[in-house]
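Add 1232 to a position in the sequence shown, counting from 1, and you land on the number used in my numbering. Quick reminder that beta carbons are idealized off the backbone N, C-alpha and C, glycines included.
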Amino acid sequence: MSEALKVSSFDLREWLKSETSSVFVPIHNKAERLIEKIRRALDNVEEVSRMLLKNSNKEIEKRNKKTYGRARALNKLARLFIDRVKQVKIPEEVSYENFSEFVDETKKVLAVTEIDVRTWFPRISPFFILDRRKFLTVFEKTKESFKELNEFLVKEYVKARTLEETFQLIDKLLSLEEQLKSLENQKEKTENEKDFVKKRTDETRQKIEELKSKGSLSQLSMLNMEVDKLKKELEHKLRHLRKPFIKFQRLVEYKGGLTPEELRNLKNYINDPFEAFSREQTGYPVLKHILGKLSQQMSEGKLKLKPDKKRKAERDIDAILEKNSLATIHQKCLELVTQIQHLSTSAEISKTRNELHSLQEKLKELADKKEILESKEKSLKQAYNETLEKIRKHKNQIERNIFSFLGKRVKVV
């Protein structure tokens, strides 16, 4: 098997044109001549139809009883012939497709006209004999011209159909390759934008980390970490009182026993013990007041608890009320809250927080842009792969067409 000839898609049209000019050009020229011939024939049909229209009008004007009805019928028929011929579209550029469409259209017009002639001309007889003969002479010549046109399409032009389709495929291939280049450029641009966004994102994150570790903000962060530790420690200290607090809340909501202010304080100790505890004055009098009333309800048997839970609750209440067991943790809470409040209201912290907020907003914008670019990149990749597949199919079809038409193996590159 001989090695396939490699031809670039850019040079393919000219190469194929030179290889097929001896076959294609004569066929193409003949198609143009035949179209011109049938065009003149159709013009003659229109002209002779206008003659029928003119002569039938003259006869209608005479109001002759013998010829009037037939003249009216011929007049209507002539108008139909003219309208039909006018509707036939002569192709400006010759190709197998528009040539075939032109043949089909002309065939329909001639076929319908043939039926009208056979149906109506005998009814118009014996009048307008010379006019009808003249029309039939022109019409028969037109049918002969059409026969030649149709035979050329079926027997000769059909051979060039594959070649014409191949030229069209080459044009589509070149267009697809341009489209592929455009997609490559868009992909590269998108990748560059993604790299830029990633770089800016990394820089922004680094600035955020630097700000977080900077001076007062870093100190504030450490204090907040201390607060988290204290919260856990306080929750641990009050763990045996949480259930009694909840039951006590339900009891006083149902039967009373606490003022609205005391009830709010109780709820605060249930929902956020640290927040409630850190607001207490030295000696945490609010908590002690609540525990005193809770202890009274327990001793009177109004608040039901399991023996073990009751024992642990009573032990912790006694430690808080009598031994001041939360004094150390309370002091730490007050000191931390004071330090945090002092730092939080400083000008440095305010400035740093503003900068941090601005950087976080910028980071969000960069994340949104990254998402948009990734979506665009996905769409471009899909379009690129689809275009690449179309190019492959077009090249394969062109190679097969050339082999079937010329018997030559060609590789489109």
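Nearest C-alpha to T1351 among Q1529, A1305, R1282: A1305. If you ignore the 5 residues before and after L1483, its C-beta comes within less than 8 Å of the C-beta of G1489, Q1529, K1534, L1535, all in its own chain and listed in chain order.
Counting only the Cα atoms, H1626 lies some 35 Å from D1427. Boundaries of the beta strand (DSSP E) harbouring V1642: 1642–1644, taken from the DSSP string.
If you draw a 10 Å sphere on the C-beta of N1261, you find fewer than 16 other C-beta atoms in it, and that means exposed. Assignment of K1294 by DSSP, reduced to helix, strand and coil, places it in the helix class. Looking at the DSSP output, V1239 bridges to V1644. By the neighbour-count criterion, in which a residue is buried when 16 or more other Cβ atoms sit within 10 angstroms of its Cβ, E1420 is exposed.
Residue burial is scored here from C-beta neighbours: R1364 has at least 16 other C-beta atoms within 10 angstroms and is therefore classed as buried.
In the structure shown, the three-state DSSP call for T1299 is coil. The Cβ-Cβ distance between T1436 and L1605 does not fall below 7 Å.
Counting every other CB atom within 10 Å of its CB across the protein chains shown gives F1371 a total of 16 or more, marking it as buried. Selection Y1516, I1522, P1505 evaluated against L1495 yields I1522 as nearest (Cα-Cα). Looking at the backbone, the Cα of E1333 and that of L1266 are separated by about 14 Å.
Using a 10 angstroms sphere on the CB of F1635, the tally of other CB atoms stays under 16, which defines it as exposed.
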